[in-house]
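A.B. asks:
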Amino acid sequence: MFHRILIANRGEIALRVLRACRQLGVEAVVAYSEADRDTLAVQLADEAICIGPADARRSYLSAPAVISAALVTGCDAIHPGYGFLSEDDGFAEVVRAHDLVFIGPPSHVLERFASKEATRRLLAAHGLPTIPGSDGMLRDDAHAIAEAERIGYPVLIKPSAGGGGKGMRMVRSQRELETAMKLCRSEARAAFGDDSLYLERWLEDNRHVEVQIAVDRYGSGVHLGERDCSVQRRHQKILEESPTPALSETARAELCEKAIRAAVAAGYENVGTLEFLVDREGNFYFIEINCRIQVEHPITEMRTGIDLVATQIRIAAGEPLGFTQSDVRQTGHAIELRINAEDAENDFRPGAGVVERYLAPGGPGIRMDSHLYSGYEVPPFYDSLLGKLIAWAPDRATAIARVRSALDELVVEGIVTNVPIHRALLVNDAFLDGRMTTNLLDRVGSAAFLAAAARGQ
Amino acid sequence: MFHRILIANRGEIALRVLRACRQLGVEAVVAYSEADRDTLAVQLADEAICIGPADARRSYLSAPAVISAALVTGCDAIHPGYGFLSEDDGFAEVVRAHDLVFIGPPSHVLERFASKEATRRLLAAHGLPTIPGSDGMLRDDAHAIAEAERIGYPVLIKPSAGGGGKGMRMVRSQRELETAMKLCRSEARAAFGDDSLYLERWLEDNRHVEVQIAVDRYGSGVHLGERDCSVQRRHQKILEESPTPALSETARAELCEKAIRAAVAAGYENVGTLEFLVDREGNFYFIEINCRIQVEHPITEMRTGIDLVATQIRIAAGEPLGFTQSDVRQTGHAIELRINAEDAENDFRPGAGVVERYLAPGGPGIRMDSHLYSGYEVPPFYDSLLGKLIAWAPDRATAIARVRSALDELVVEGIVTNVPIHRALLVNDAFLDGRMTTNLLDRVGSAAFLAAAARGQ
Amino acid sequence: MPDPASMPSNVLRPRGADDAAPERTAAERDADHRAVERLATGLLPALIGRLTAGGLAEIEVREGDWKVRLRRPLEAVGIGRRVTDRQFRLPAQAGQAHAPLSHPTPSRDGARQAGPRAADPAGTPPATSPAVGIFRPLPGIAGRRVHAGDRLGAVDVLGMPQEVVAPADGIVGPLIAEAGDGVEYGQPVIDMRPLPIAGEPSDGEVA
Amino acid sequence: MPDPASMPSNVLRPRGADDAAPERTAAERDADHRAVERLATGLLPALIGRLTAGGLAEIEVREGDWKVRLRRPLEAVGIGRRVTDRQFRLPAQAGQAHAPLSHPTPSRDGARQAGPRAADPAGTPPATSPAVGIFRPLPGIAGRRVHAGDRLGAVDVLGMPQEVVAPADGIVGPLIAEAGDGVEYGQPVIDMRPLPIAGEPSDGEVA
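Protein chains in written order, with our numbering: chain A, 368 to 824; chain B, 368 to 824; chain C, 63 to 269; chain D, 63 to 269.
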């Protein structure tokens, strides 16, 4: 095991990693930017070191600053948290070159999974279904029609180059396809100077379901169940739960088993997450792998009793996993609400300022992961996550009741938060019935969503 | 289920009951004394009603005030918490007479278990071992010698009348017995005017182990495992853990099964706790039953995932338990530290005053049940419990590491707490080895205990 | 303008006066005095300008070891949002409708001398409920001239009447609670008005 | 006495000036102005008396919607007990060795104009570390007369030297950090002394 770990992150995850270090009996040094001098992790750390100004490019994103801080403070490993340098294979390699351990997948593993496209092909080769698409680029209309027929309507026409929706169309029939092909080609040519197109199956009302895995250096891997992150606003997750209400127990088991088998076969190492889209029929399609600890990891911890951050550190230290799939027991239901400093009633504009009063909720099954305290000043330079309110209960209905009650207890004064959207969610029929899809909140519109909840109450 | 529950208690347990009400979808009215106007439960309640002055005899202990408050606020049930009126069969009966439900055992059950002596005989008749003693009063020296032989030395000579240690002697041999009998008779005669004596086996270095049970109105009962409460200071529990390190898994199972069988047979109803002394050889002896929710209930909740307060309310509402013994799963290890407003370095003098700053610890497996907040004024009129720091982990060593780390995070400023004694405990060899007995802390002396920990660190 | 010397109930948290505080020397007191005076004479005018210019909620200035902070309640400024709809009460907040917690002064006879409005120096304190129960005022009590301790009604606690008495000599004002209302301990139930001042007819027993 | 108008870095948390705050009328501003003036002229003298008499840590007075609070840091008064041995730092506490968080002013060239001691109006700010790494001062630098921006040494970051420069014209004082020490970003590493005042020999370039 390591003697001293540098935590190269901030906010709630810095505190989370610090807690894992404490439990493992490892000293924790917190690397912080000038804007984070007063944060809780800095105050609780065995040592704290300022690595640069508020600008993340010169502090949390600066590989030299982070590595130099680890050397100056005598650390033997670096925990990157999430975001920032956490999935940067170049950084992981430089860390290794300085005889330090990067807590996460080794650089060659990060490199292998760095390209989404290559990762999809790699994991498809190891048995994971991906979103069906045309066999390469569309040669002509006849080829397009044949491929669309094979994939099944509706299909999405996508340009090979670029992005941003240009040259992209969803079509529901051969007639629509024939019309759209011309438009898409000209749009793509105009926008990217390249009019090659391909097809992908259009997933209507999909859900985002992800599988948590842990694989040690010796190729022993387990899955720790899945998480449903379908409640999103503009592709940002705001509420996660486990198990997913979208799949039967059998389907969940199949998904998780396929995921861990493919990941181990593809040579993944350490803690990671495989993300899937699930369509209305319950088919799942692999989209990408996250080679880091995720924001929503606590709901998995609540259901399995396994400390994922400690596991991550132990694996990086070369320890064997120490348990097998049959040792992993998942019980009950867990929900996480992301509490953000943003104004749900004003287009989720992010906020900053002094938290005049903070009081965390408590009681059975409640966990609040947050770096807030009364008097803490939220700096305006980073993401808006203030903390995560997590509830566990034997069943989903009780978990919802608990998290709702806990939300009523939460006090964050002086700063605008997204609590209203959570209140609205927790009385929303689509959510209560487990029918949330990734596009629902944006389709309805947050304002309409909040208003509907206000009327319904 | 009830519509509205009056919570007739204060501090952390009022908040705990409030949380259970919320989860069950029941409205909660908090009855408070003038000194508790600013407490967290009052602020979070659906309604709060002042029932009298700070003096508990005129508020929390006043049956008319509590019942009148329930009637005035339209409640249909009363939760008494622990202490105060929680085990008062007379109160439970008056509650019933006003067409309200007492949340706890019905008055006739409370009455049946009101006398400790009668309860011991009753539960002994249903198979629970009690501390072996002489067959009635000692007729003469010959009778005493014969009985002592049968019980086994060392034995305790006890006077039939009175208490306070007068006329009481522990003897280790027949010679000591013969000498002590005369002294005890004359002491007892002098003190109580009654020189009848009896014998009881002397339990050296005993441990306090208790079994949590829940029995519904229809006679279905389960045990929820045991708790070890051997860490005591002057008969006050200060740290509890589960499972007990004193017994093997087989012995624990036997203890718990005997306890629930006897309690059901004796007609117990609702949530309750059977207390035992366990001697060095692992023999256990029933001493009493607590007909209420206990301070240390959260460690059982952490290990079983069962909400004991919600269960208590459901049983009182006439619901069947809804699960059987085989549904109850106990996992991992849980520890609770009682955080008291008392000065460990000054003979545990209780304190009061304003909590200038409060910050609860958090992270995986951590639960802090406390009514504190920054700025809260702890009134001087009641017990010194500020909150309970509870940690769960897959094993005892990790639970100890977690609770120690959480203790480092806890901030209670402006008021002196017993945190130093907990710090000392958590590095003490007897505790770490699971060898704490109920007399250990007093025998060593708290001051010496604190000093030893300071030297050892 | 209120006289500062007569405002004890508005001065909150005079902490540090407990016996744990070290003795202070005359020199230290002098230094403090000078620091605070600088704040008062030098900084306050500047602060006033700043605060009134921008509709600010709060401003804080430091001078050596001292801080001065001026603030308006958040609601008055319209900023600061709360997570819950509920009012989160600060402990022992000035102007709150109850007696200070540190000095509960219930009298033994079931009435309270220091009722919730006792802090209001202008009026006579109202009669308060001696218990939690159902309020039963004496019929036609309003308007009567009474002495401290006179019975004005009762609060019914499970059938046992607890007397509501006049907290002081005065004239019984209008009922605050209605007959038959559920009332809590210490709740003002009957308003009281002062006796007519000297020169008006008196029953001779009023001092 | 410091000029209030020139103390922006000491005035913290001027909140409410964001565009969410409603427009305020002249009448509202006037009412605020009057309230604050009452505080300044009426209450402050009384407060000074109270505070200096008893060694108090904090005192607060309300006037209408306004509150004024005077407080000293707890450490200075010697009350308040903590559960942990660690020092729990208040955010942006006066006298703490760092620049105010709300106004981080690192300059692009790797040095910082507003170093940790920049707030001390009496002295010249020390030279600070531009990065986290190993401190390498120029040999024999102490005692030299330098201009703002002159190189005084470097901080070695994984083999890449980052310049430590003089924050202002002055004379290089003693080293605060030792050669070879690990230093953090913004840490004062070399003391600076002011140039001799007028009348003493000057190199003619100092304004």
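The beta carbon of each residue, even a glycine, is placed where N, CA and C say it ideally should be.
Tell me, which residues are paired with A/C334 by DSSP?
C.D. replies: Absent from the structure is residue 334 of chain A, since the part of chain A shown begins at 368 and ends at 824.
A.B. asks: Note the first and the last residue of the continuous alpha helix (DSSP H) segment covering A/F480.
C.D. replies: As a position in the first sequence, residue 480 of chain A is number 113, starting the count at 1. Segment: none, A/F480 is in no alpha helix (DSSP H) and carries neither H nor E.
A.B. asks: Check distances from the C-beta atoms of the region 718 to 739 of chain B to those of chain A and list, in chain order, the residues that come in under 9 Å.
C.D. replies: The region 718 to 739 of chain B vs chain A, Cβ under 9 Å: R724, Y725, L726, A727, P728, G729, G730, P731, G732, I733, R734, M735, D736, S737.
A.B. asks: Hey, could you find the ends of the beta strand (DSSP E) A/I524 is sitting in?
C.D. replies: Translated into positions along the first sequence, residue 524 of chain A becomes position 157. 522 to 526 is the span of the beta strand (DSSP E), which, as asked, contains A/I524.
A.B. asks: Does DSSP classify B/T640 as helix, strand or coil?
C.D. replies: For the purposes of this step, residue 640 of chain B is identified with residue 273 of the second sequence, where counting begins at 1. The answer is strand: DSSP assigns B/T640 an E or B state.
A.B. asks: Output needed in chain order: residues of the region 771 to 797 of chain A with a Cβ under 9 Å from some Cβ in chain F.
C.D. replies: Chain labels in this structure do not include chain F; the protein chains are A, B, C and D.
A.B. asks: So, at 8 Å on beta carbons, what are the nonlocal neighbours of B/G588 in its own chain, with the 5 sequence-adjacent residues on each side left out?
C.D. replies: In the second sequence, counting from the first residue as 1, residue 588 of chain B sits at position 221. If we look at B/G588 and ignore the five residues flanking it on each side, its Cβ neighbours are I580, A581, V582, I627, A630, V631, Y635, L688.
A.B. asks: Check whether chain C comes within 7 Å of B/P747, counting only Cβ atoms and requiring the distance to be less than that.
C.D. replies: As a position in the second sequence, residue 747 of chain B is number 380, starting the count at 1. Taking Cβ atoms only, chain C never reaches closer than 7 Å to B/P747, which makes this a no.
A.B. asks: Among C/V234, C/V194, C/G202, whose alpha-carbon lies nearest the alpha-carbon of C/P258?
C.D. replies: The residue you call residue 258 of chain C lines up with position 196 of the third sequence. Here the closest residue by C-alpha is C/V234.
A.B. asks: Give the residues of chain A in contact with B/E668, contact being defined as C-beta atoms less than 7 Å apart.
C.D. replies: Taking the second sequence and counting its residues from 1, the one referred to as residue 668 of chain B is at position 301. Simply P731.
A.B. asks: Quick one: any contact between the region 781 to 794 of chain A and the region 422 to 434 of chain A, if contact means 3 or more CB pairs under 8 Å?
C.D. replies: Too few Cβ pairs lie closer than 8 Å, so no.
A.B. asks: Please list the partners that B/A768 has in chain A, where partner means a Cβ-to-Cβ separation under 9 Å.
C.D. replies: Sequence index remark: in the second sequence, residue 768 of chain B carries index 401 (1-based). Near B/A768 (Cβ distances below 9 Å), the residues of chain A are R389, Q390, L391, G392.
A.B. asks: Between which residues of its own chain and A/E394 is the CB-CB distance below 6 Å, once the five residues before and five after are set aside?
C.D. replies: For this step, residue 394 of chain A is matched to residue 27 along the first sequence. Excluding sequence neighbours, A/E394 sits near R371, D413.
A.B. asks: Looking at chain A, is there any beta carbon in it that lies within less than 7 Å of the beta carbon of D/V219?
C.D. replies: Here residue 219 of chain D refers to the residue found at position 157 when the fourth sequence is read from its first residue. At least one chain A Cβ lies under 7 Å of D/V219.
A.B. asks: Report yes or no: do the region 675 to 683 of chain B and the region 740 to 747 of chain B share at least 3 C-beta pairs separated by less than 8 Å?
C.D. replies: With the cut-off at 8 Å, the region 675 to 683 of chain B and the region 740 to 747 of chain B do not touch.
A.B. asks: Taking its Cβ as the centre, do 16 or more other Cβ atoms sit within 10 Å of B/G450, making it buried, or is it exposed?
C.D. replies: Reading the second sequence from its first residue, position 83 is the one you call residue 450 of chain B. Answer is buried; the Cβ neighbour count reaches 16.
A.B. asks: Report yes if the CB atom of B/M535 is closer than 7 Å to the CB atom of B/K525, and no otherwise.
C.D. replies: Here residue 535 of chain B corresponds to residue number 168 of the second sequence, with the count starting at 1. Here residue 525 of chain B corresponds to residue number 158 of the second sequence, with the count starting at 1. Cβ atoms of B/M535 and B/K525: closer than 7 Å.
A.B. asks: Using the three-state DSSP reduction, which class does B/I372 fall into: helix, strand or coil?
C.D. replies: Within the second sequence, numbered from 1, the residue matching residue 372 of chain B stands at position 5. In the structure shown, B/I372 sits in a strand (DSSP, three-state: E or B).
A.B. asks: Against chain A, with Cβ distances strictly below 7 Å, would B/P761 count as a contact?
C.D. replies: Along the second sequence, one-based indexing puts residue 761 of chain B at 394. Chain A contact via Cβ: present.
A.B. asks: Inspect the beta-carbon positions of A/G754 and A/D736 and report whether they are closer than 7 Å.
C.D. replies: As a working mapping, residue 754 of chain A is identified with position 387 in the first sequence. As a working mapping, residue 736 of chain A is identified with position 369 in the first sequence. Cβ distance < 7 Å, so A/G754 and A/D736 count as in contact.
A.B. asks: What do you get for B/Y427, buried or exposed, if any count of 16 or more other CB atoms within 10 angstroms of its CB means buried?
C.D. replies: For the purposes of this step, residue 427 of chain B is taken as residue 60 along the second sequence, with counting starting at 1. So B/Y427 counts as buried.
A.B. asks: What do you get for B/K604, buried or exposed, if any count of 16 or more other CB atoms within 10 angstroms of its CB means buried?
C.D. replies: Counted from its first residue, the second sequence places residue 604 of chain B at position 237. Buried is the call here.
A.B. asks: Where A/E543 and A/K549 are concerned, what is the direct C-alpha to C-alpha distance, given to the nearest angstrom?
C.D. replies: As a working mapping, residue 543 of chain A is identified with position 176 in the first sequence. As a working mapping, residue 549 of chain A is identified with position 182 in the first sequence. When rounded, the distance between both Cα atoms is 11 Å.
A.B. asks: So which of C/G195, C/I252, C/V194, C/A193 has the shortest CA-CA distance to C/A228?
C.D. replies: Locating residue 228 of chain C in the third sequence gives position 166, counting from the first residue. Checking every option, the nearest Cα to that of C/A228 belongs to C/I252.
A.B. asks: Please tell me whether A/I374 has its Cβ less than 7 Å away from any Cβ of chain B.
C.D. replies: Position 7 of the first sequence, counting from 1, holds the residue named residue 374 of chain A. Taking Cβ atoms only, chain B never reaches closer than 7 Å to A/I374, which makes this a no.
A.B. asks: For B/G672 and chain A, any beta-carbon pair shorter than 7 Å?
C.D. replies: Here the question's residue 672 of chain B lines up with position 305 in the second sequence. Chain A, which has a Cβ nearer than 7 Å to the Cβ of B/G672, makes this yes.
A.B. asks: Which bits of chain D does A/C658 rub up against, with CB to CB less than 9 Å?
C.D. replies: As a first step, residue 658 of chain A must be located in the first sequence, where it is residue number 291. Result: empty, since nearest Cβ-Cβ is about 24 Å, beyond 9 Å.
A.B. asks: Is B/N713 buried or exposed, if buried means 16 or more other CB atoms sit within 10 Å of its CB?
C.D. replies: Along the second sequence, read from residue 1 onward, the residue named residue 713 of chain B stands at position 346. Its Cβ having fewer than 16 others within 10 Å, B/N713 is exposed.
A.B. asks: Would you say B/R377 and B/D403 are within 7 Å of each other, going by their C-beta atoms?
C.D. replies: For the purposes of this step, residue 377 of chain B is taken as residue 10 along the second sequence, with counting starting at 1. For the purposes of this step, residue 403 of chain B is taken as residue 36 along the second sequence, with counting starting at 1. Yes, they are a contact pair.
A.B. asks: Can you name the start and end residues of the alpha helix (DSSP H) that A/F559 belongs to?
C.D. replies: Numbered from 1 along the first sequence, position 192 holds the residue referred to as residue 559 of chain A. Unbroken alpha helix (DSSP H) run through A/F559: 541 to 559.
A.B. asks: Which same chain residues, not among the five before or five after C/V194, have their C-beta less than 6 Å away from its C-beta?
C.D. replies: Within the third sequence, residue 194 of chain C is the residue found at index 132, counting from 1. Answer for C/V194: E246, Y247, listed in chain order.
A.B. asks: Once the 5 residues before and after B/D809 are set aside, which same chain residues still bring their CB inside 7 Å of it?
C.D. replies: Against the second sequence, residue 809 of chain B aligns to sequence position 442. The residues are R600, R601.
A.B. asks: Tell me, please, whether the CB atom of D/E240 is closer than 7 Å to any CB atom in chain A?
C.D. replies: One-based indexing of the fourth sequence puts residue 240 of chain D at position 178. No, D/E240 does not count as interfacial toward chain A.
A.B. asks: Taking contact to mean 3 or more Cβ pairs, one atom from each stretch, closer than 8 Å, check whether the region 783 to 792 of chain A and the region 709 to 723 of chain A are in contact.
C.D. replies: Contact holds: three or more Cβ-Cβ distances are below 8 Å.
A.B. asks: Rounded C-beta distance between A/H738 and A/A408? I'm assuming under 8 Å.
C.D. replies: One-based indexing of the first sequence puts residue 738 of chain A at position 371. One-based indexing of the first sequence puts residue 408 of chain A at position 41. Indeed they touch by this definition, with Cβ atoms about 6 Å apart.
A.B. asks: May I ask you to report which of helix, strand or coil DSSP gives A/A711?
C.D. replies: For the purposes of this step, residue 711 of chain A is taken as residue 344 along the first sequence, with counting starting at 1. Reduced to three states, the DSSP call for A/A711 is helix.
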